[in-house]
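Presented below is the structure to which this report refers.
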Amino acid sequence: MSEILEELKYTKEHEWVRERDDGNIEVGITDHAQTSLGDLVYVELPDVDTEISSGDAFAVVESVKAASDVYLPLSGKIVEVNEALVDGPELVNSDPYGDGWLIRFRPDTPSELDELLSGEDYQRFVAELED
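Rendered as structure tokens:
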């Protein structure tokens, strides 16, 4: 069973979202996603100051099994990328909700967070996929 943190928001594309105290949003891929992909060998991240629209791919995670796009759940401007993933993509596997975060961005419309899945809703979604 995949680890799902109740305090985060989720997407059906298996991204997690954390609202930070500074108003920025942190995004990564879920434990379910990293488990499905297998050992990550490469992470391609966007440039800081890039404007990205909701639903657009902003990163690529590549494992020994597959490459997968990662999508931004809200429109906004990238303010920070996790540089540690350049030399250590395996951080996404070992700590997907902590040191394995991908980007931080300033959302154009923070209220759109309310449209994302709660931990409980994401748990049900993943359970249906595994049936």
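Here the working numbering is used: position 54 in the sequence shown is 1345, and no number is missing along the way.
Ideal placement from N, C-alpha and C gives every residue a C-beta, glycine not left out.
- When DSSP states are grouped into helix, strand and coil, residue 1355 belongs to the coil group.
- Following the DSSP letters along the chain, one finds residue 1376 inside the alpha helix (DSSP H) bounded by residues 1375–1378.
- Three or more beta-carbon pairs drawn from the region 1359–1366 and the region 1397–1413 are found closer than 8 Å, and the two stretches are therefore classed as touching.
- Look at residue 1296 here: in three-state DSSP terms it is coil, with no helix or strand label.
- Taking C-beta atoms under 8 Å as the contact rule, residue 1317 and residue 1395 qualify, at a distance of about 5 Å.
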